[in-house]
Amino acid sequence: MDYSEQAMESTVIEDPNSHLFLKNDKNKYSQLVCQQQTDCLKLFLTWNSNQQVQFVQELIQRMDHHQHGEIDTFLQPILQRDFISALPDRGLDHISEKILSYLDSKSLCSAELVCKEWYRVIADGGIWRKLIEKMVRTNTLWFGLAQRKGWMNYLFRPKPGESHKEHLFYRRLFNEIIKDIDTIDNNWRTGNVALRRILCHSVASKGVYCLQYDDSKIVCGLRDNTIKVWNKSTLECVRSLRGHTGSVLCLQFSDDMIISGSSDATVRVWSITTGEIINILIHHSEAVLHLRYSEEGIMVTCSKDRSIAVWDIISPKEINLRRVLLGHRAAVNVVDFDLNYIVSASGDRTIKVWNTTTCEFVRTLNGHKRGIACLQYREKLIVSGSSDNTIRLWDVECGACLRILEGHEELVRCIRFDNKRIVSGAYDGRIKVWDLQAALDPRSPSGTLCLRTFVEHTGRVFRLQFDEFQIVSSSHDDTIIIWDFMNEVSISGSPTTSGGHGNLGQGHGNLGQGANNGSSSNAPDSALVVASAISNVNQPTGGINSNR
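First residue of the sequence shown? That's 4 in our numbering, and the numbers climb one at a time after it.
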């Protein structure tokens, strides 16, 4: 206690009316402190920056912990800088816009509410438009929606200084896209799907063994030895390619060519624009059961003759055999590959892995109880289907079986997967949709893995392909079905209308679901065929779809 405080206390004790004197003394004391502080500040301002800092440091060192806390509370708002608002004042609007462009949609909504200046930066900088463009560039679902709904017309155009009206448009557009994505996901979960059918009108023998589609066309290979090209919008047959002398069992197309394999043991290269045969590859001694080629100019074919051929595509007219891979003990039914591995599956119940560059054998994957009919390989994951009615998931690097999916009642003939789903088709006529991420989680109960089961084909499902919006499948019933998950309302009982060479119809909108436990198939392992177990399909055994 200093002398001034002692003086005030003595005043209180000595005089019963001391509160009057105390008030006066306090005023005098406050004035004295204020004067001292003012003098100190005047002196402080005469010092240079370093002297000022040293003085403040000395003061802080002499304070207690409570005082330090009060100073910290005082300094926090002073030390914070609204650089988003400050940068435009220095002509650096683009930096503020760049920073805000890294926000996700939820954070961007919050940022708009911070202050008027932040809202202005977001609006003028077109941040919502840029967020949509970023999603379209990096996400296949967003890209597909933008193309299908015409949003591309409003994107990827320079727009310096967007108006408030345009800002609101893109903000609403973002919400509309999210709604559409939720609708599509819900349609996959609930089976709310619109159907369109193509009746292929095969000559003499029925069956659509293979297909591939893009936004404008569907190309399919048929049992009647032809390849047909369909307009995907009108479902009209726009071209029929003839040249194979046996069933067309596999095909793949790109911008300029179609490559097909047949039970006539040949591989043919066609011009996609003229339909003319460009090249014929004669190597395999029996039916060519499957083929794949890549943008890097590698093609792999496999055959009922138990061999795999690796080819180098120089041009459609120049395709050279690089290597023949031997090792399977039965027909090689399917191949897939990337720059690391070639993966093959056979009626001998095994999957074999080969090095793509050297073509050397790497490992064998064992597990299926009967021959393997189909597989897809991508990013270290193999998914295979077999005549033991099961689907297996494998790690290509170590060969471990990660999961077994049961539900089909007959041979699993075709299978595809993406990052979310596995879609399989079988000789039981069913198409099943599985939850891939749940299947990769060993904690997920087996009964929860099959999301939906679709039953529309009246014959065996031979081939399917799918994306975020649709499944396109083909069958022994001579039809191709497009399952459209873009629809917002379930379609049922709509009339069927014919158009061109195909029939266009609307099917049931809400289809069955669930997984069924499969029973053992009687098909011979070496056959895996549409084969001896089925009398109404007159085909020899030895490989899937190996009729001549």
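Don't be surprised by glycine CBs; every beta carbon is placed ideally from N, CA and C.
The C-beta distance from Ile-474 to Val-415 rounds to 15 Å, too long to fall under 8 Å, and the pair is not in contact. Per DSSP, Asn-190 lies in no beta strand (DSSP E); the unbroken alpha helix (DSSP H) holding it starts and ends at 167-193. The alpha-carbon of Gln-70 is positioned some 40 Å away from that of Glu-100. The beta carbons of Val-291 and Asp-487 sit no closer together than 8 Å. Judged by DSSP in its simplified three-state form, Glu-400 adopts coil rather than helix or strand. With a cutoff of 8 Å on beta-carbon distance, Ser-265 and Ser-250 are scored as near each other.
Counting the other Cβ atoms within 10 Å of the Cβ of Leu-103 gives 16 or more, which makes it buried. With a minimum length of 3 residues, there is no unbroken run of beta strand (DSSP E) contained wholly in the segment 68-105.
Of Glu-299, Lys-45, Cys-37 and Arg-245, the smallest CA-CA separation from Thr-359 is found for Glu-299. With 16 or more other CB atoms across the displayed protein chains lying within 10 angstroms of its CB, Glu-471 is buried. Its Cα nearest to that of Gly-128, the residue Ile-98 stands out among Leu-148, Ile-98, Lys-137 and Lys-109.
Rounded to the nearest whole angstrom, the C-alpha separation of Gly-210 and Cys-404 is 33 Å. Looking from the CA of Lys-231, the closest CA among Ala-207, Ile-275 and Thr-193 belongs to Ile-275. The C-beta of Phe-457 has 16 or more other C-beta atoms within 10 Å across all chains shown, which makes the residue buried. If you look at Asn-336, you'll find it in the beta strand (DSSP E) that goes 335-340. The alpha carbon of Asn-392 has as its nearest neighbour, out of Leu-368, Cys-417 and Cys-401, the alpha carbon of Cys-417.
Counted as a single uninterrupted DSSP element, the beta strand (DSSP E) harbouring Trp-437 occupies residues 433-438. By the neighbour-count criterion, in which a residue is buried when 16 or more other Cβ atoms sit within 10 angstroms of its Cβ, Met-66 is exposed.
By the 16-neighbour rule on beta-carbons within 10 angstroms, Arg-309 is buried. Residue ranges of uninterrupted beta strand (DSSP E) with 3 or more members, entirely inside the segment 270-339 and ordered along the chain, are 280-285, 291-296, 301-306, 310-318 and 321-329. Our two residues, Lys-423 and Lys-372, have alpha carbons roughly 27 Å apart in a direct line. Trp-50 sits exposed, since fewer than 16 C-beta atoms from the chains shown fall within 10 Å of its C-beta.
At least 8 Å separates the beta-carbon of Ser-449 from that of Phe-465. Look at Met-260 here: in three-state DSSP terms it is strand. Counted as a single uninterrupted DSSP element, the alpha helix (DSSP H) harbouring Cys-112 occupies residues 108-115. At a Cβ-Cβ threshold of 8 Å, Gly-224 and Cys-203 do not count as neighbours.
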